[in-house]
Amino acid sequence: MDIREIQGYASFFMTMFLVIMLYGYIIHLYRSEKKGERDYEKYGNIALDDNITSTPVEDKPASQRD
Numbered sequence: 235m236d237i238r239e240i241q242g243y244a245s246f247f248m249t250m251f252l253v254i255m256l257y258g259y260i261i262h263l264y265r266s267e268k269k270g271e272r273d274y275e276k277y278g279n280i281a282l283d284d285n286i287t288s289t290p291v292e293d294k295p296a297s298q299r300d
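Right, here's the structure in full:
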């Protein structure tokens, strides 16, 4: 095996790994939205409703803020 074959295999496996990670993340987002943990449509509207007087997406107590 020369370096070209190793690079080809590494590229293929890296691509497969990233595809699996992407689908896992998509499934995670879908499940958490279905369970009602988060509403990602609210986060998508941040770009559309970007005024200083806009209400926050999530109201966190002062003790949980960073």
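Numbered by the numbering used here, the letters in the sequence shown go through residues 235 to 300 in order.
Backbone N, C-alpha and C define an ideal beta-carbon position, used for all residues, glycine too.
H262 and K294 have their C-alpha atoms spaced approximately 23 Å apart. Here DSSP, grouped into helix, strand and coil, assigns S245 to helix. In the same chain as T287, and ignoring 5 residues on each side of it, no C-beta atom comes closer than 8 Å to its own.
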